[in-house]
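To start, the structure itself, in structure tokens.
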Amino acid sequence: MGIFDTVTDALAGSTGTAPSTAGEDGSEGAYWCDDCAVRVRDVDVDDEGLDRDADGTPTCPDCGDAMRFERATGGGCAC
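All the letters of the sequence shown, read from the start, carry residue numbers 1 to 79 under the UniProt record's numbering.
Below, the structure is given as structure tokens:
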């Protein structure tokens, strides 16, 4: 077996992407309130019953300010 075969075999099992648990349920990220440290995943906003501002952005359940959206990278914890 030559070096080419070894490399080919090693790469055959690789998908080329990092394993990810983020987004398997349709989530694209989470909304954050930086002042209150409240985090709500985008797919949970309606289930949590969060209000939205005029632009449709969820508001923090603690302080009422608009939350910031942070897109999930899919590479691990978004903590």
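Every residue, glycine too, gets a C-beta built ideally from N, C-alpha and C.
Helix, strand or coil at residue i [DSSP, three-state]
{"i": "residue 48", "result": "helix"}
Nearest-angstrom beta carbon gap, residue j and residue i [assumed within contact, 8 Å]
{"i": "residue 42", "j": "residue 28", "result": "6 Å"}
Contacts around residue i, its chain only, beta-carbon distance under 8 Å, and the 5 residues preceding and following it disregarded
{"i": "residue 30", "result": "39, 40, 41, 42, 69, 70, 72 and 78"}
{"i": "residue 26", "result": "43"}
{"i": "residue 62", "result": "33, 36 and 38"}
Between the CA atoms of residue j and residue i - distance to the nearest angstrom
{"i": "residue 47", "j": "residue 59", "result": "14 Å"}
{"i": "residue 66", "j": "residue 56", "result": "9 Å"}
{"i": "residue 53", "j": "residue 45", "result": "13 Å"}
{"i": "residue 49", "j": "residue 64", "result": "13 Å"}
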